[in-house]
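In our numbering, the protein residues as written are 4 to 117. Just so you know, even glycine gets a beta-carbon here, dropped at the ideal spot from N, CA and C. One structure below.
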């Protein structure tokens, strides 16, 4: 292997580990909150959480990443708002999609434990 490529892989490994750790932390935190609302059966929030779970467990992760990264930029209101600074960053969009996917699957796991 070329030494140049090796160092690129090492750099990518650091990014991948950061993305994994942050998305797992955010996803598990969201999952605990979503599980709590499902167990307490709060009317509106639990229905919203069920919809999020169905959406994120029923679609492929690659589609979710594409929608999070390319979707919001289609709307002028989003591009002119303060959230565009975050949604235009590839790392943040990947973390958000992975965290929401983790939250959906972990919520089902946590709810099954109760």
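- Using a Cβ-Cβ distance cut-off of 8 Å, the region 33 to 47 and the region 86 to 98 are not in contact, since fewer than three pairs of beta carbons, one from each stretch, lie closer than that value.
- When only Cα atoms are considered, residue 50 and residue 18 end up about 35 Å apart.
- Inclusion of residue 41 and residue 52 in the CB contact set at 7 Å is warranted, their separation being smaller than that value.
- The alpha-carbon separation between residue 70 and residue 9 amounts to approximately 32 Å.
- Under the 10 Å beta carbon count, residue 105 is surrounded by 16 or more other beta carbons and is classified as buried.
- When rounded, the separation of the alpha-carbon atoms in residue 23 and residue 94 is 11 Å.
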